[in-house]
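Down below is the structure, laid out as C-alpha coordinates.
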Amino acid sequence: MQFRRPSGASGQLPFFRTIAGRRFLKQASIVIGAFVIGYLVTVFWIFPAPLFSSQHAVPRVIDMGVTEAREKLDAAGLRFKLEDQETDPSVPRNAVIRQDPPPGVVVEPNTVVSLVLSDGPPDVPVPDLAQFPRALAERVIKAAGFQVGRVDTLPSASDRGLVVQTRPGPGVGRPAGTAIDLVVSSGKADVTVPSLVGLNLTEARTTLAELGLLIGSVSSRAVAGQPAGTVLEQRPSAGTRSGRGTRVDLIVAGKS
4 MQFRRPSGAS GQLPFFRTIA GRRFLKQASI VIGAFVIGYL VTVFWIFPAP LFSSQHAVPR
64 VIDMGVTEAR EKLDAAGLRF KLEDQETDPS VPRNAVIRQD PPPGVVVEPN TVVSLVLSDG
124 PPDVPVPDLA QFPRALAERV IKAAGFQVGR VDTLPSASDR GLVVQTRPGP GVGRPAGTAI
184 DLVVSSGKAD VTVPSLVGLN LTEARTTLAE LGLLIGSVSS RAVAGQPAGT VLEQRPSAGT
244 RSGRGTRVDL IVAGKS
(Lines of atoms letter the chains of each structure in order from A and count residues from 1; the text may use other names and numbers.)
(Lines give C-alpha, C1' and ligand atoms only; values in the text may rest on other atoms or scores of the structure.)
Protein backbone atom coordinates (compact mmCIF):
# COMPACT_ATOMS: atom_id res chain seq x y z
CA MET A 1 0.00 0.00 0.00
CA GLN A 2 1.46 3.35 -1.00
CA PHE A 3 0.90 6.81 0.55
CA ARG A 4 1.30 9.84 -1.50
CA ARG A 5 2.52 13.16 0.10
CA PRO A 6 0.20 16.10 -0.21
CA SER A 7 0.92 18.25 -3.17
CA GLY A 8 3.44 21.10 -2.41
CA ALA A 9 4.88 19.57 0.76
CA SER A 10 8.64 19.75 0.82
CA GLY A 11 9.13 17.39 3.67
CA GLN A 12 10.81 20.07 5.78
CA LEU A 13 9.59 21.13 9.28
CA PRO A 14 8.22 24.73 9.75
CA PHE A 15 10.95 27.24 10.79
CA PHE A 16 9.52 28.00 14.26
CA ARG A 17 9.55 24.27 15.05
CA THR A 18 13.24 24.01 14.36
CA ILE A 19 15.94 24.62 16.94
CA ALA A 20 16.90 27.91 15.27
CA GLY A 21 13.24 29.04 15.21
CA ARG A 22 12.65 28.23 18.85
CA ARG A 23 15.87 30.08 19.76
CA PHE A 24 14.65 33.13 17.80
CA LEU A 25 11.28 33.09 19.53
CA LYS A 26 12.94 32.87 22.94
CA GLN A 27 15.24 35.82 22.25
CA ALA A 28 12.40 37.89 20.80
CA SER A 29 10.27 37.19 23.88
CA ILE A 30 13.10 38.34 26.15
CA VAL A 31 13.54 41.60 24.20
CA ILE A 32 9.80 42.36 24.10
CA GLY A 33 9.40 41.54 27.81
CA ALA A 34 12.31 43.80 28.75
CA PHE A 35 10.76 46.63 26.71
CA VAL A 36 7.34 46.24 28.34
CA ILE A 37 8.83 46.10 31.84
CA GLY A 38 10.96 49.19 31.17
CA TYR A 39 7.96 51.10 29.84
CA LEU A 40 5.81 50.20 32.86
CA VAL A 41 8.57 51.17 35.30
CA THR A 42 8.98 54.52 33.53
CA VAL A 43 5.26 55.32 33.42
CA PHE A 44 4.22 54.16 36.89
CA TRP A 45 7.34 54.72 38.97
CA ILE A 46 9.81 57.21 37.48
CA PHE A 47 7.22 59.49 35.82
CA PRO A 48 3.88 58.53 37.35
CA ALA A 49 0.77 59.96 35.65
CA PRO A 50 -2.93 59.33 36.03
CA LEU A 51 -4.55 56.96 33.60
CA PHE A 52 -7.04 59.66 32.64
CA SER A 53 -5.61 63.19 32.43
CA SER A 54 -7.55 65.98 34.21
CA GLN A 55 -5.93 68.78 32.19
CA HIS A 56 -8.24 71.30 30.54
CA ALA A 57 -8.23 74.69 28.83
CA VAL A 58 -8.00 77.97 30.75
CA PRO A 59 -11.37 79.79 30.50
CA ARG A 60 -11.59 83.34 29.15
CA VAL A 61 -12.17 85.89 31.92
CA ILE A 62 -11.15 89.07 30.06
CA ASP A 63 -13.70 91.92 30.43
CA MET A 64 -15.26 90.19 33.45
CA GLY A 65 -15.45 91.78 36.88
CA VAL A 66 -12.95 90.45 39.38
CA THR A 67 -15.61 88.54 41.36
CA GLU A 68 -17.05 86.85 38.27
CA ALA A 69 -13.56 86.00 36.99
CA ARG A 70 -12.60 84.42 40.31
CA GLU A 71 -15.76 82.28 40.38
CA LYS A 72 -15.15 81.06 36.83
CA LEU A 73 -11.53 80.11 37.56
CA ASP A 74 -12.55 78.37 40.80
CA ALA A 75 -15.13 76.34 38.89
CA ALA A 76 -12.41 75.26 36.46
CA GLY A 77 -10.17 74.09 39.33
CA LEU A 78 -7.70 76.95 38.88
CA ARG A 79 -6.38 79.64 41.20
CA PHE A 80 -5.96 83.32 40.48
CA LYS A 81 -3.54 86.09 41.40
CA LEU A 82 -3.99 89.86 41.00
CA GLU A 83 -0.85 91.23 39.40
CA ASP A 84 -1.53 94.93 38.82
CA GLN A 85 -4.01 97.60 37.74
CA GLU A 86 -3.68 99.73 34.61
CA THR A 87 -5.72 102.59 33.21
CA ASP A 88 -7.86 101.67 30.22
CA PRO A 89 -10.13 104.07 28.31
CA SER A 90 -12.72 101.41 27.40
CA VAL A 91 -12.72 98.81 30.21
CA PRO A 92 -14.58 99.64 33.46
CA ARG A 93 -12.66 99.82 36.72
CA ASN A 94 -11.86 96.41 38.32
CA ALA A 95 -12.61 94.44 35.14
CA VAL A 96 -9.95 92.06 33.75
CA ILE A 97 -7.91 93.44 30.83
CA ARG A 98 -5.23 90.69 30.65
CA GLN A 99 -4.76 87.11 31.85
CA ASP A 100 -1.77 84.76 31.89
CA PRO A 101 -1.94 81.93 30.80
CA PRO A 102 -4.22 83.22 28.02
CA PRO A 103 -7.61 81.62 27.22
CA GLY A 104 -7.51 78.16 25.65
CA VAL A 105 -4.11 77.07 27.00
CA VAL A 106 -4.24 73.53 28.51
CA VAL A 107 -2.88 73.47 32.08
CA GLU A 108 -2.75 71.28 35.17
CA PRO A 109 -5.31 71.64 37.99
CA ASN A 110 -4.54 74.39 40.56
CA THR A 111 -2.50 76.35 38.02
CA VAL A 112 -2.31 80.04 38.99
CA VAL A 113 -3.84 82.42 36.44
CA SER A 114 -2.44 85.97 36.79
CA LEU A 115 -4.92 88.79 36.20
CA VAL A 116 -4.37 92.47 35.39
CA LEU A 117 -7.36 94.67 36.25
CA SER A 118 -8.49 97.94 34.75
CA ASP A 119 -8.07 101.07 36.84
CA GLY A 120 -10.68 102.77 34.67
CA PRO A 121 -10.16 105.60 32.18
CA PRO A 122 -7.15 107.90 32.72
CA ASP A 123 -7.65 111.23 34.48
CA VAL A 124 -8.64 114.22 32.34
CA PRO A 125 -6.77 117.53 32.84
CA VAL A 126 -8.91 120.44 34.01
CA PRO A 127 -9.07 123.08 31.23
CA ASP A 128 -7.76 126.61 31.76
CA LEU A 129 -10.88 128.78 31.90
CA ALA A 130 -9.44 132.06 33.21
CA GLN A 131 -11.18 135.11 31.67
CA PHE A 132 -13.87 132.92 30.06
CA PRO A 133 -17.47 134.19 30.44
CA ARG A 134 -19.29 131.99 32.92
CA ALA A 135 -21.71 130.49 30.36
CA LEU A 136 -18.87 129.55 27.99
CA ALA A 137 -16.78 128.13 30.84
CA GLU A 138 -19.66 125.86 31.89
CA ARG A 139 -20.01 124.55 28.31
CA VAL A 140 -16.28 123.81 28.13
CA ILE A 141 -16.40 121.97 31.46
CA LYS A 142 -19.21 119.72 30.21
CA ALA A 143 -17.49 119.15 26.84
CA ALA A 144 -14.36 117.97 28.71
CA GLY A 145 -16.45 115.30 30.48
CA PHE A 146 -16.75 117.08 33.83
CA GLN A 147 -19.73 118.46 35.75
CA VAL A 148 -20.21 122.06 36.83
CA GLY A 149 -19.86 122.29 40.59
CA ARG A 150 -20.33 125.24 42.89
CA VAL A 151 -20.07 128.75 41.44
CA ASP A 152 -18.70 131.41 43.82
CA THR A 153 -18.30 135.13 43.14
CA LEU A 154 -15.32 137.20 44.16
CA PRO A 155 -14.36 140.83 43.55
CA SER A 156 -11.38 141.08 41.24
CA ALA A 157 -9.67 143.20 38.63
CA SER A 158 -11.54 141.21 35.94
CA ASP A 159 -14.83 142.34 34.48
CA ARG A 160 -17.94 141.07 36.14
CA GLY A 161 -19.02 137.58 35.00
CA LEU A 162 -15.55 136.40 33.90
CA VAL A 163 -13.97 133.31 35.45
CA VAL A 164 -11.21 134.12 37.90
CA GLN A 165 -10.18 130.57 38.74
CA THR A 166 -11.29 126.94 38.86
CA ARG A 167 -11.12 124.45 41.71
CA PRO A 168 -9.10 122.30 41.12
CA GLY A 169 -6.81 124.45 39.04
CA PRO A 170 -6.03 124.09 35.33
CA GLY A 171 -3.96 121.07 34.29
CA VAL A 172 -4.82 119.02 37.37
CA GLY A 173 -5.97 115.51 36.40
CA ARG A 174 -9.37 114.35 37.60
CA PRO A 175 -11.63 111.42 36.58
CA ALA A 176 -14.35 112.21 34.07
CA GLY A 177 -17.55 113.25 35.82
CA THR A 178 -15.77 115.17 38.60
CA ALA A 179 -17.46 118.44 39.64
CA ILE A 180 -15.34 121.51 38.81
CA ASP A 181 -16.04 124.62 40.89
CA LEU A 182 -15.84 128.07 39.36
CA VAL A 183 -14.89 131.39 40.93
CA VAL A 184 -16.43 134.22 38.92
CA SER A 185 -15.59 137.89 39.17
CA SER A 186 -18.29 140.01 40.77
CA GLY A 187 -16.65 143.11 39.39
CA LYS A 188 -14.44 145.78 40.90
CA ALA A 189 -14.22 145.82 44.69
CA ASP A 190 -15.93 149.21 45.02
CA VAL A 191 -18.69 148.33 47.53
CA THR A 192 -18.38 147.85 51.26
CA VAL A 193 -20.51 144.94 52.54
CA PRO A 194 -22.87 146.28 55.23
CA SER A 195 -23.63 144.60 58.53
CA LEU A 196 -26.82 142.58 58.30
CA VAL A 197 -26.74 140.87 61.71
CA GLY A 198 -29.95 141.54 63.64
CA LEU A 199 -32.00 142.38 60.54
CA ASN A 200 -34.77 140.17 59.23
CA LEU A 201 -34.56 138.72 55.73
CA THR A 202 -36.67 141.43 54.13
CA GLU A 203 -34.56 144.19 55.67
CA ALA A 204 -31.34 142.41 54.71
CA ARG A 205 -32.45 142.01 51.09
CA THR A 206 -33.41 145.69 50.84
CA THR A 207 -30.12 146.85 52.36
CA LEU A 208 -28.08 144.74 49.94
CA ALA A 209 -30.12 145.80 46.91
CA GLU A 210 -29.46 149.48 47.64
CA LEU A 211 -25.71 148.76 47.26
CA GLY A 212 -26.01 146.48 44.22
CA LEU A 213 -25.48 143.31 46.26
CA LEU A 214 -27.58 140.15 46.40
CA ILE A 215 -28.59 137.53 48.99
CA GLY A 216 -26.86 134.22 48.39
CA SER A 217 -27.56 130.97 50.23
CA VAL A 218 -29.69 131.13 53.37
CA SER A 219 -29.45 128.48 56.10
CA SER A 220 -31.07 128.42 59.51
CA ARG A 221 -30.02 127.61 63.05
CA ALA A 222 -32.24 127.42 66.12
CA VAL A 223 -31.30 130.09 68.68
CA ALA A 224 -33.34 130.71 71.82
CA GLY A 225 -34.66 134.26 72.14
CA GLN A 226 -34.21 135.23 68.50
CA PRO A 227 -37.24 135.70 66.22
CA ALA A 228 -37.32 133.35 63.24
CA GLY A 229 -35.65 134.87 60.18
CA THR A 230 -33.27 137.15 62.09
CA VAL A 231 -29.79 137.28 60.56
CA LEU A 232 -27.20 135.67 62.87
CA GLU A 233 -24.12 135.52 60.60
CA GLN A 234 -23.09 136.62 57.12
CA ARG A 235 -20.41 135.89 54.56
CA PRO A 236 -18.57 138.00 53.42
CA SER A 237 -18.42 139.73 56.78
CA ALA A 238 -19.37 143.38 57.27
CA GLY A 239 -16.73 145.84 56.07
CA THR A 240 -15.41 143.58 53.28
CA ARG A 241 -14.75 145.39 49.99
CA SER A 242 -16.69 143.71 47.22
CA GLY A 243 -17.99 144.25 43.72
CA ARG A 244 -21.55 144.96 42.65
CA GLY A 245 -23.54 141.78 42.12
CA THR A 246 -21.70 139.92 44.89
CA ARG A 247 -23.89 137.44 46.79
CA VAL A 248 -23.88 137.54 50.59
CA ASP A 249 -24.63 134.19 52.29
CA LEU A 250 -26.69 134.34 55.47
CA ILE A 251 -27.41 132.21 58.54
CA VAL A 252 -30.74 133.13 60.14
CA ALA A 253 -32.56 132.07 63.29
CA GLY A 254 -34.91 129.15 62.78
CA LYS A 255 -38.16 128.40 64.52
CA SER A 256 -37.66 127.26 68.10
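Each residue of the sequence shown is one higher than the one before, starting from 4 at the first, in the working numbering.
Ideal placement from N, C-alpha and C gives every residue a C-beta, glycine not left out.
Note that the structure is predicted; figures quoted are calculated from it, not measured.
Inset, instruction - Just the C-alpha distance for D162 and D193, rounded to the nearest angstrom, thanks. - result: 13 Å
Inset, instruction - Pick helix, strand or coil for K84, following the three-state DSSP scheme. - result: strand
Inset, instruction - Compare the beta carbon distance of V196 and L235 with 8 Å and say whether it is the shorter of the two. - result: no
Legend entry - Cβ-based neighbour list, N113, same chain, cut-off 8 Å, excluding 5 preceding and 5 following: G80, L81 and R82
Legend entry - Neighbour-count burial assignment, P158, 16 or more Cβ in a 10 Å radius: buried
Legend entry - the stretch 174-181 contacting the stretch 211-219, beta-carbon criterion three pairs below 8 Å: no
Inset, instruction - Grab me the residues of I100's own chain with a C-beta within less than 6 Å of its C-beta, minus the 5 sequence neighbours each way, in chain order. - result: D91, V94, V119 and S121
Legend entry - Segment limits, alpha helix (DSSP H) that includes T70: V69 to A78
Legend entry - Cβ-based burial, F55 [other Cβ within 10 Å; buried from 16]: Confidence is the limiting factor: at F55 the pLDDT is only 47, short of 50, which leaves the residue's position unreliable and the question unanswerable from this model.
Legend entry - Exposure of I35, with buried meaning 16 or more beta-carbon neighbours within 10 Å: exposed
Inset, instruction - Flag this pair as yes or no: are the beta carbons of V61 and K75 separated by less than 8 Å? - result: no
Inset, instruction - Could you please give me the residues that DSSP links to Q150 through a beta bridge? - result: A182
Inset, instruction - Within the same chain, show all residues whose beta-carbon is closer than 8 Å to that of A225, passing over the 5 residues directly before and after it, in chain order. - result: A256, G257, K258 and S259
Legend entry - Rounded C-alpha distance that separates T156 from F149: 20 Å
Legend entry - Reduced DSSP secondary structure (H/G/I, E/B, other) of A138: helix
Legend entry - Three-state secondary structure assigned by DSSP to Q237: strand
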